[in-house]
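Residue numbers (the working numbering): 1107 to 1193.
First the structure, in the form of C-alpha cells, and then the observations on it.
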C-alpha cells in the first residue's frame, strides 16, 4: 500500500531525524490509523542507486489518521512529499 511522507516529527526546538509523519490515503480517523501500527515501511530513493531505507510504524499521530514511522536511519530532506510502501 502506498502512503505519503508529510514531515519530520518535530517540536518547537527539536527535530527527530528518524521519525517521520506519514499520511495514508483513505484513513481519516485515529482508530483506522491504529490498525497500521507495527507494520513495516520502505522508502526507495529516486535515482540510479535505488537505496532502500526500512522503518516501522510506531503510533498514530493526532486524530486525523496520520501515523508516525521510525526509520533505521534518517531519510533525506528530499523524502518529504514522496511515497513510501507499507508492507
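The beta carbon of each residue, even a glycine, is placed where N, CA and C say it ideally should be.
Just so we're clear, the structure is a prediction, and the values are computed from it rather than from any experiment.
(request) Could you tell me the distance, in whole angstroms, from the CA atom of residue 1152 to the CA atom of residue 1131? (result) 21 Å
(request) Given a cut-off of 9 Å, decide if residue 1148 and residue 1160 are closer than it, judged by their beta-carbon atoms. (result) yes
(message) So, with DSSP's three-state summary, where would you put residue 1110?
(response) strand
(request) Counting only the same chain and skipping the five closest in sequence on each side, list residues whose C-beta sits under 6 Å from that of residue 1116. (result) none
(message) Please tell me whether residue 1114 and residue 1126 are closer than 9 Å, where the distance is taken between their beta carbons.
(response) It is a contact, given that the beta carbons lie within the stated cut-off.
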